[in-house]
Amino acid sequence: MSVSKVVASPSRSGVFAKDTDSRVELFTESISFDERLYAHDIQGSIAHAQMLEKVGILTTEERTAIESTLLEIKTEIEQGEFETSISLEDIHMHIEKLLIDKLGDTGRKLHTGRSRNDQVSTDFRLWIRDALDRVDQLLLQLQKAFVGRCDQDIDTVLPAYTHLQRAQPVLAPHYWLAYCEKLQRDRERIADCRKRLNVSSLGVAAVAGTSIPIDREDTASRLGFDGVAANSLDVSSDRDFVLESAFALTVIATHLSSWAEEWILWKTVEFDFIDLPHDFCTGSSIMPQKINPDILELIRGKTGRVIGSLQTLLVLVKGLPLAYNRDLQEDKPALFDAFDTVEACLDIAAPLVEGATIKADSINARLEKGFLDATSMMEYLILQGIPQRTAHHMVGALVGLATENNSTLAELPLQEFQKLSPDLDEKIYGVLGVQNAIAAFKSYGSTAPDQVKAQISNWKTRLGL
Ligand code: ARG
């Protein structure tokens with residue numbers, strides 16, 4: 016069968032009486048942002064061609080020509096010898112057009128038994144799968160940075176806060192490991208998201224499947240997918256994997272923003288807990304004394320973009336009827352931006368964590384302020400047989416007295432304790448003061464030095480340090 020007219024884009028069939036209006040081309044193109052799918056598009060097309068050969072639709076000769084030409088196109092793209100044109104819409108059409116230009120009718124056979132709808136979904140899954148793996152490695156790198164400084168900071172006690180008010184003392188590594196736990200859950204979310212994403216869309220074609228005797232298991236296994244999506248209507252409309260990835264990235268960004276906010280505070284003269292490496296700080300054009308934590312501020316600030324991407328994607332899919340709708344093309348800029356932002360933040364966070372120095376003298380100079388030992392004292396009273404509510408009230412009264420005297424609890428005379436409970440003796444001083452309070456902790460997951468040391472060695476083993 017011969018075709019009378021071959022239009023510029025392979026997607027434009029003989030049904031069209033007119034060429035596309037240039038304003039439509041400009042409005043509908045996605046090549047400006049989906050070019051970055053090129054490697055995964057070629058990977059998917061090669062697997063598809065190999066399967067078409069296996070089921071007898073392509074000859075070995077044809078498959079070989081398609082495969083080697085696709086690899087040639089890949090090299091050309093990587094060497095910058097690739098011209099894009101909005102008349103070819105997207106990366107999928109560009110690659111196919113190049114293939115057809117080079118191979119003629121053999122190239123025209125590649126799109127058998129597939130549609131751009133399953134092709135886009137496949138390419139995006141492959142791209143996201145790699146991106147999730149990169150994020151996992153970056154999370155690991157940041158965990159290692161936190162664990163890596165635990166030994167050097169083991170003797171530093173910091174105030175823990177609730178409501179940003181001084182609460183109880185903790186060892187500095189207890190802070191570092193708190194972030195490790197959060198990052199670990201982030202990694203688990205990534206792994207979980209990867210599981211549901213790693214299912215093949217390829218071969219559902221446009222929306223209903225195909226009458227061509229394709230083998231979907233074959234392409235799925237060639238592409239490293241764990242399974243084959245079972246319903247063509249579902250796959251054609253499905254962007255759950257995009258939403259889940261965006262959500263996982265959003266949680267990472269919010270974790271980073273909390274850490275950034277905390278260290279921005281710690282870097283102030285008011286807190287004075289931490290110094291940041293000067294090569295990771297910025298100055299002011301007018302105030303000569305300024306050493307600003309702009310990186311941390313940008314990590315905190317960029318969280319907004321990531322949350323915005325998730326919002327964009329959720330609104331994008333809301334109310335879409337089955338199955339593919341062109342709206343879905345808008346999923347890429349949002350998710351690419353979320354990945355780019357989170358990867359950049361994670362990458363710069365690790366050296367900052369490694370290079371920061373704890374200002375122990377400054378911390379220690381004010382560590383006895385804020386009654387960090389009050390809860391330990393209450394627990395001591397409970398262990399002497401005083402009911403918790405009574406002990407809570409008693410210690411509160413002593414904190415009030417110490418505040419009036421501008422003293423610490425440890426500086427109060429024994430008579431003041433005995434006024435509230437005559438049986439108390441000198442041993443009460445054994446839990447007062449920040450160091451004693453730290454030593455008194457016992458429970459699993461607490462900041463008890465033994466617990467923290469065990470957790471550090473646990474993390475070292477888990478992270479292969
Ligand atoms: N660039 C488009 C996208 O990313 C390609 C799919 C177009 N499919 C179609 N049936 N018009 O979604």
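Numbered continuously in our numbering, the sequence shown closes out at residue 480.
All C-beta atoms in this analysis are idealised placements derived from N, C-alpha and C, irrespective of residue type, glycine included.
Bear in mind the structure is a predicted one, so any value in this text is a computation, not a measurement.
Asked	Found
Helix, strand or coil, according to DSSP, for VAL243 in the structure here?	strand
Could you tell me whether the region 273-293 touches the region 348-358, where touching means 3 or more Cβ pairs closer than 8 Å?	no
Suppose the cutoff is 7 Å on Cβ atoms and the five residues either side in sequence are ignored; what does the same chain contact list for ARG149 look like?	GLU358
Which of the three DSSP states is assigned to ALA452 in this structure?	helix
Express the C-alpha separation of PHE48 and PRO348 in angstroms, rounding to a whole number.	7 Å
Under the assumption that ILE143 contacts PHE256 (Cβ atoms under 8 Å), give the Cβ distance between them as a whole number of angstroms.	6 Å
Among the residues of its own chain, which have a CB less than 7 Å from the CB of GLU345, if the five just before and after it don't count?	LEU331
Short of 8 Å in beta carbon distance, which residues of its chain neighbour SER377, apart from the five on each side in sequence? Order them along the chain.	ASP287, PHE288
What number of angstroms, rounded off, separates the C-alpha of ALA406 from the C-alpha of LYS434?	13 Å
Going by CA-CA distance only, name the one from GLU98, GLU232, GLU104, GLU68 that's closest to LEU41.	GLU104
Of the choices ASP166, TYR190, GLN167, CYS165, whose alpha-carbon is the least far from that of TYR176?	TYR190
Which runs of the alpha helix (DSSP H) fall wholly inside the region 84-129 and span at least 4 residues, in chain order?	106-118, 120-123
Kindly provide the ranges of any alpha helix (DSSP H) runs that are 4 or more residues long and lie completely inside the region 33-84, ordered along the chain.	37-43, 46-49, 53-69
Report the option in ALA275, ALA417, ASP230, GLU259 whose CA atom is closest to the CA atom of ARG129.	ASP230
Go ahead and pull the three-state DSSP assignment for VAL250.	helix
In the DSSP assignment, find the unbroken alpha helix (DSSP H) run with GLN199 in it and report its ends.	187-212
Counting pairs of beta carbons, one from the region 267-278 and one from the region 192-205, are three or more of them closer than 8 Å?	yes
Taking the alpha helix (DSSP H) that VAL257 falls in, what are its first and last residues?	255-281
At a threshold of 8 Å, does HIS55 count as lining ligand 1 (C-beta to nearest heavy atom)?	no
Which residues mark the beginning and the end of the alpha helix (DSSP H) in which LEU331 is found?	309-332
In terms of alpha-carbon separation, which member of PRO303, ALA412, ALA375 lies closest to ASP168?	ALA375
Would you tell me roughly how many angstroms separate the C-alpha atoms of ASN132 and LEU335, rounded to the nearest one?	15 Å
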